[in-house]
Amino acid sequence: MSATTPVLSESAPLDLRFSASELETVRETLVSFIEDTVDDADADGATLGLSGGIDSTTTAYLAVEALGTDGLHGLVMPSEVNNPDNMSDAERVAEELGIEYDIIEIQPIAEQIFEAVPSATEDRMAMGNVYVRTRAVLNYFVANAEDRVVLGTGNRAEAMTGYFTKYGDQAVDCNPIGGLYKQQVRQLADSVGVPADLVAQTPTAGMWDGQTDEDELGLDYDTVDAILALHVDGPLSTAATLRTLDGVDHDQIRRVESLVADSEHKRSMPPAPDPLGE
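FYI, in the UniProt record's numbering the residues of the sequence shown are 1 to 278.
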């Protein structure tokens, strides 16, 4: 692991990093998972939206290990609100890995939707979700045409707190890194060779200008990870969690609890009434 890559910040309340042997097992497991998912679907490979961020980049590295360079088709899908540097990073990742990739400008597509319902453009979140869902449509358009599966890039912290767009970035066939907390994704990224500047990059969903994940969550990822691991996924009570995690307070725990509870619908199939006549 690079000594300069900030896998664990000094302020992190909990160290969730794997041991060297555990990390190797995780890598092998995720690579096999991708390979098995493609084989089980009798597909010719996978498509992946490339954002230049750590999650999509790590998934791309794992996918190339599993499928080879011909097995992964990357899509770089910028809009006018995306940081051009991030999109350049996405292209750099594709070129460094040697995979086929396309650049598809999604702004004209989104504008058609905005023009169809102009009153909805007063809602910044609704507009941001259009960009995310447009990318999902394009991912599946290419995947269907090329007999591929769509790889997701979501991690466990995002899944549990609902930090994703319903039928958008979680409209995928599988999430290879979906069981890893963000801190563990950073560790895995560093170990598989993701460039250090991408490991350290500020996470953003690119939904509007200046948007960042941690601003939206209201907490930094290390704190979210720690509360999820010990209190939500783990057995500790609120009081025990507070005693265990230095610098974490009641409000932060309540914030994570609220995010998890309010996003339950995103992690479940759409509800339907019980079968009639039973």
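We put the beta carbon where it would ideally sit given N, CA and C, even for glycine.
Taking buried to mean at least 16 other C-beta atoms within 10 Å of its own C-beta, is residue i buried or exposed?
i: Phe181; result: Residue identity check: residue 181 is Tyr in the sequence provided, not Phe. Tyr181 is buried by the Cβ-count criterion.
i: Arg267; result: exposed
i: Tyr221; result: buried
i: Leu276; result: exposed
i: His231; result: buried
i: Thr4; result: For Thr4, the predicted structure reports a pLDDT of 45, less than 50, and the residue's modelled location is therefore unreliable. A value from the coordinates is still provided. Counting Cβ neighbours within 10 Å, Thr4 comes out exposed, since fewer than 16 surround it.
i: Pro273; result: exposed
According to DSSP, which residues form a beta bridge with residue i?
i: Ala46; result: Leu72, Val149
Measuring from the CB of residue i, is there a heavy atom of the ligand SAH at a distance below 7 Å?
i: Ser19; result: Because no ligand of any kind appears in the structure shown, any question about the ligand SAH cannot be addressed here.
Name the residue from the options whose alpha carbon lies nearest to the alpha carbon of residue i.
i: Ala229; options: Ser191, Leu14, Met127; result: Leu14
i: Ile109; options: Ala200, Leu75, Ser79; result: Ser79
i: Asp89; options: Glu216, Ala60, Leu8; result: Ala60
i: Phe18; options: Arg255, Glu115, Val185, Thr165; result: Val185
i: Thr47; options: Val132, Leu138, His265; result: Leu138
i: Ser11; options: Pro270, Gly247, Ser258, Ser32; result: Gly247
i: Glu35; options: Leu62, Ser9, Leu16; result: Leu62
i: Asn144; options: Pro235, Ile104, His73; result: His73
i: Ala94; options: Leu75, Asp44, Val149, His250; result: Leu75
In the DSSP assignment, find the unbroken beta strand (DSSP E) run with residue i in it and report its ends.
i: Tyr101; result: 100-103
If you follow the alpha helix (DSSP H) that residue i is in, where does it begin and where does it stop?
i: Arg267; result: From DSSP, Arg267 is part of no alpha helix (DSSP H); its letter is neither H nor E.
i: Asp249; result: Where Asp249 is concerned, there is no enclosing alpha helix (DSSP H), given that its DSSP letter is neither H nor E.
i: Glu24; result: 20-40
i: Ser191; result: 182-192
i: Met77; result: Premise fails: Met77 is in no alpha helix (DSSP H) and is neither H nor E.
i: Phe114; result: 107-116
Counting Cβ pairs, one atom from each stretch, are 3 or more of them under 8 Å apart for the segment 149-161 and the segment 17-32? no
Could you say if the segment 37-57 and the segment 187-196 meet the contact criterion of at least three C-beta pairs nearer than 8 Å? yes
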